[in-house]
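>
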Amino acid sequence: MLMLQNNQWMLISFFLKDKRNDFKATHPDLKSTEIVKSLNKQWIELDITE
């Protein structure tokens, strides 16, 4: 299992909280697990410099 520091978990949590409702609105047919998987993929691909 990937070990993250507390501040990394906080950043991921904020990202998911910020993006989840918009993603759910544009993809209402997806289950919650699929939404989180998609958002996690976006997080991984995110350019930190943005």
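Numbered according to full-length UniProt numbering, the sequence shown spans residues 1 to 50.
Virtual Cβ for every residue (Gly too), placed ideally from N, Cα, C.
Under DSSP, the alpha helix (DSSP H) around Leu-11 begins and ends at which residues?
Here the alpha helix (DSSP H) through Leu-11 covers 6–26.
> Hey, out of Leu-46, Ser-38, Gln-8 and Asp-47, whose CA is closest to Lys-24's CA?
Looking at the Cα atoms, Ser-38 is the closest of the given residues.
> First and last residue of the alpha helix (DSSP H) that includes Lys-31?
Careful: Lys-31 lies outside any alpha helix (DSSP H) and carries neither H nor E.
> Could you pull out every residue in the same chain whose Cβ sits closer than 7 Å to the Cβ of Trp-43, ignoring the five residues on either side in sequence?
Once the five neighbours on either side are set aside, the close Cβ partners of Trp-43 are Ile-12 and Phe-15.
> Taking just the CA atoms, how far does Lys-31 sit from Gln-8?
Computed Cα separation, rounded: 25 Å.
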